[in-house]
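>
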Amino acid sequence: MIYSRITGTGSYLPGPAIDNASLIAARGLDSSDEWIVERTGIRTRHLVGEGVTGSDLAAEACRRALAASGRAADDVDLIIVATSTPDYVFPSTAALLQDKLGIRNGAPAFDLQAVCSGFAYALAVADKFIRSGSHKCALVVGSEVFSRILDWNDRGTCVLFGDGAGAVVLEASETAGILATALHADGRHQGILSVPGHVSGGVAIGDPFLRMDGPAVFKFAVRVLADVADEVLVAAGMKAADIDWLIPHQANVRILQSTAKKLGLPIEKCIVTVERHGNTSAASIPLALDEAVRAGKIVPGQRLLLEGVGGGFTWGAALLVF
Ligand code: ACO
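Note that my numbering has the sequence shown beginning at 4, numbered continuously upward.
1) Taking DSSP's pairing of strands, which residues face H280 in a bridge?
2) Going residue by residue through the stretch 282-318, where are the continuous beta strand (DSSP E) segments of at least 3 residues, counting only ones entirely within it?
3) Pull up the CB-CB distance for T96 and D114, whole angstroms please, since I reckon it's below 8 Å.
4) Would you mind working out which of A254, R297, I301, F221 sits nearest I246, comparing C-alpha positions?
5) Given 7 Å as the limit, tell me if I39 has its C-beta closer than that to any heavy atom belonging to the ligand ACO.
6) Whole angstroms is fine: what's the gap from T133's alpha carbon to T10's?
7) Are there any heavy atoms of the ligand ACO lying less than 7 Å away from the beta-carbon of N282, as far as the coordinates show?
8) Would you mind reading off the limits of the alpha helix (DSSP H) that contains A62?
9) Start and end of the alpha helix (DSSP H) containing E41?
10) Can the beta-carbon of A321 be found closer than 8 Å to that of A61?
11) Whole angstroms are fine: how far does the CA of V277 sit from the CA of R327?
12) Report the option in L309, T178, D210, A224 whose CA atom is closest to the CA atom of L236.
13) Return the bridge partner residues of P251 from the DSSP annotation.
14) Below 6 Å CB to CB, which residues in the same chain sit around G44 once its five sequence neighbours on both sides are set aside?
15) Compute the minimum distance between the beta carbon of R8 and the heavy atoms of the ligand ACO, and state whether it is under 7 Å.
16) Note down the Cα distance separating G240 from D233, rounded to an integer number of angstroms.
17) Three-state secondary structure (DSSP) at F223?
18) Counting only runs that start and end within the stretch 85-121, where is the alpha helix (DSSP H) found for 4 or more residues in a row?
19) Under a Cβ-count criterion, where at least 16 other Cβ atoms within 10 Å of its own Cβ denotes burial, should I208 be classed as buried or exposed?
20) So, under 8 Å CB-CB, L259 and C273 are touching, yes? Tell me the CB distance rounded to an integer number of Å.
21) Looking at A110 and I327, is the spacing between their C-beta atoms short of 8 Å?
22) Run through DSSP, which three-state label would A168 get?
23) Report the rounded CA-to-CA distance for S14 versus G194, giving the unit in angstroms.
24) Grouping DSSP H, G and I as helix and E and B as strand, with all else coil, what is R8?
25) Only counting the same chain, and skipping five residues up and downstream in sequence, which positions put a Cβ closer than 7 Å to that of I106?
26) Closer than 8 Å by C-beta to V118: which residues in its own chain qualify, once you throw out the five before and the five after it? Chain order, please.
27) Would you mind working out which of A298, A24, L182 sits nearest W38, comparing C-alpha positions?
28) Work out the CA separation of G136 and A254 for me, nearest whole Å.
29) List in chain order: all unbroken beta strand (DSSP E) runs of 3+ residues lying wholly within the stretch 170-233.
30) State the Cα-Cα distance for the pair V296 and V206, rounded to the nearest angstrom.
31) May I ask you to list the residues that DSSP assigns as paired with L81?
32) Grab me the residues of G304's own chain with a C-beta within less than 8 Å of its C-beta, minus the 5 sequence neighbours each way, in chain order.
33) So, G145 versus A168, is the Cβ gap smaller than 8 Å?
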């Protein structure tokens, strides 16, 4: 039986941490540190400088993940980048990343768009490639520059997000590995979180910024995160108590608390980085994973439940032995 196993993690955050007070002052926002912390838990975030792209962040995260796994760039035979903020319409961020990493072996490279569920989707897809026997060593990446799609006059959204990237090396293994994955989407809920336009040749077509019905997203997220966690636990024949660490998409600390509570897990078993990173969309799960691995919290052999929810709406989870 072929399993897929994470053999290395890496992440990258651009520039210095920007605290709420500095962001509010720099952008002239009608907001306060108190409001942001109380409603979201977010205290700081990292934002890219001019000219820095998602493939730049991804390349740095991947170099760190490859070093952690002991693999060379040319060992990689599959690259999947989860992103909603690609460098270009095309070529894909994954193709640009392949070039930046100097991978010259013709490995397939493609982007996957499932917004904040992107990493859960990408991990599940890579798992299926590896289990099929067609590929042996994948780079699975989440990389985002959401600062480029924020309306800095909309205080209800612009304080919530940050930029960053996270990556894992996923390899074929005789020992488990990823035990179960589940993916879902329901396009009827497209309207509660979207970017309903774009910029073309410097001209805005429609509304090119992120728009969100915060309370509706909150309710939806808590429900589906609990459901999909149950689904992978049942598929793997486990109970929530068997999980060493829950690593949910980092949208809002109150969503994390509600999700842990619904699963009957103490919040201490949940990796929380949203207070320092903000919401980095598809990058948030691999960023949180890498930080916890490097801090020595997550160690080999532990059971992890990764789960995400995002625009579309999409949601998904992976249960694995690290
Ligand atoms: N500073 C000060 N006041 C603000 C701010 C701000 N930054 N943003 C909104 N407000 C005001 C609103 O204008 C409103 O004022 P009013 O009552 O005078 O009209 C008041 O605060 C309450 O607004 P609500 O939107 O009802 O506030 P709520 O308690 O729902 O919190 C929040 C808003 C934090 C966005 C919350 O709904 C939430 O966390 N939702 C989940 C959304 C999320 O995490 N999205 C991330 C992307 S989706 C994903 O990753 C899954």
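Every residue gets a Cβ at the ideal spot worked out from N, C-alpha and C, and that includes glycine.
The short version:
1) As a first step, residue 280 must be located in the sequence shown, where it is residue number 277. BP columns for H280 are empty, so no partner.
2) 306-313
3) Residue numbering aside, residue 96 sits at position 93 when the sequence shown is read from its first letter. Residue numbering aside, residue 114 sits at position 111 when the sequence shown is read from its first letter. Indeed they touch by this definition, with Cβ atoms about 5 Å apart.
4) Looking up residue 246 in the sequence shown gives position 243. Ranking the options by Cα distance to I246, first place goes to I301.
5) What you label residue 39 is simply residue 36 of the sequence shown in a count that begins at 1. Yes, the Cβ of I39 comes within 7 Å of a heavy atom of the ligand ACO.
6) Walking along the sequence shown from the start, residue 133 turns up at place 130. Walking along the sequence shown from the start, residue 10 turns up at place 7. Sequence check: residue 133 is Ile here, not Thr. Taking the straight line joining both Cα atoms gives about 13 Å.
7) By 1-based counting over the sequence shown, the position of residue 282 is 279. Yes.
8) As a first step, residue 62 is located in the sequence shown; it is residue number 59 there, counting from the start. First-last of the alpha helix (DSSP H) with A62: 57-72.
9) By one-based count along the sequence shown, residue 41 stands at place 38. It spans 36-43 - the alpha helix (DSSP H) in which E41 sits, taken as one unbroken run.
10) Here the question's residue 321 lines up with position 318 in the sequence shown. Here the question's residue 61 lines up with position 58 in the sequence shown. Taking 8 Å as the Cβ cut-off, A321 and A61 do not qualify as a contacting pair.
11) An answer regarding residue 327 cannot be provided, because it is not within the stretch 4 to 325 covered by the chain.
12) Taking the sequence shown and counting its residues from 1, one reaches residue 236 at position 233. Closest by alpha carbon: L309.
13) By one-based count along the sequence shown, residue 251 stands at place 248. Looking at the DSSP assignment, P251 forms a beta bridge with E310.
14) If you number the sequence shown from 1, residue 44 lands on position 41. Correct list, in chain order: V256, V277, E278.
15) The residue given as residue 8 occupies position 5 in the sequence shown. R8: no, Cβ never under 7 Å from the ligand ACO.
16) Reading the sequence shown from its first residue, position 237 is the one you call residue 240. Reading the sequence shown from its first residue, position 230 is the one you call residue 233. Approximately 10 Å, taken between the alpha carbons.
17) Translated into positions along the sequence shown, residue 223 becomes position 220. If DSSP states are grouped into helix, strand and coil, F223 belongs with the helices.
18) 96-104
19) Numbered from 1 along the sequence shown, position 205 holds the residue referred to as residue 208. Flag for I208 reads exposed.
20) As a working mapping, residue 259 is identified with position 256 in the sequence shown. As a working mapping, residue 273 is identified with position 270 in the sequence shown. Correct: roughly 6 Å between the Cβ atoms.
21) Absent from the structure is residue 327, since the part of the chain shown begins at 4 and ends at 325.
22) Here residue 168 refers to the residue found at position 165 of the sequence shown. Of the three classes helix, strand and coil, the one that applies to A168 here is strand, per DSSP.
23) Here residue 14 is taken as the residue at index 11 of the sequence shown, counted from 1. Here residue 194 is taken as the residue at index 191 of the sequence shown, counted from 1. If you take the alpha carbons of S14 and G194, they lie about 31 Å apart.
24) To locate residue 8, count along the sequence shown from 1; it is residue 5. Strand.
25) On the sequence shown, position 103 is the one that residue 106 refers to. A76, D77, V79, listed in sequence order.
26) The residue you call residue 118 lines up with position 115 of the sequence shown. The answer, listed in chain order, is S87, L196, S284, A285, G313, G314, G315, T317.
27) Against the sequence shown, residue 38 aligns to sequence position 35. Comparing Cα-Cα distances from W38 to each of A298, A24, L182, the minimum goes to A24.
28) The residue you call residue 254 lines up with position 251 of the sequence shown. The residue you call residue 136 lines up with position 133 of the sequence shown. So the alpha carbons of these two residues sit roughly 35 Å apart.
29) 181-188, 200-203, 206-209
30) Position 293 of the sequence shown, counting from 1, holds the residue named residue 296. Position 203 of the sequence shown, counting from 1, holds the residue named residue 206. If you take the alpha carbons of V296 and V206, they lie about 43 Å apart.
31) Along the sequence shown, read from residue 1 onward, the residue named residue 81 stands at position 78. Answer is A141, bridged to L81.
32) For this step, residue 304 is matched to residue 301 along the sequence shown. Hits under 8 Å: V324, F325.
33) Residue numbering aside, residue 145 sits at position 142 when the sequence shown is read from its first letter. Residue numbering aside, residue 168 sits at position 165 when the sequence shown is read from its first letter. Closer than 8 Å, so yes.
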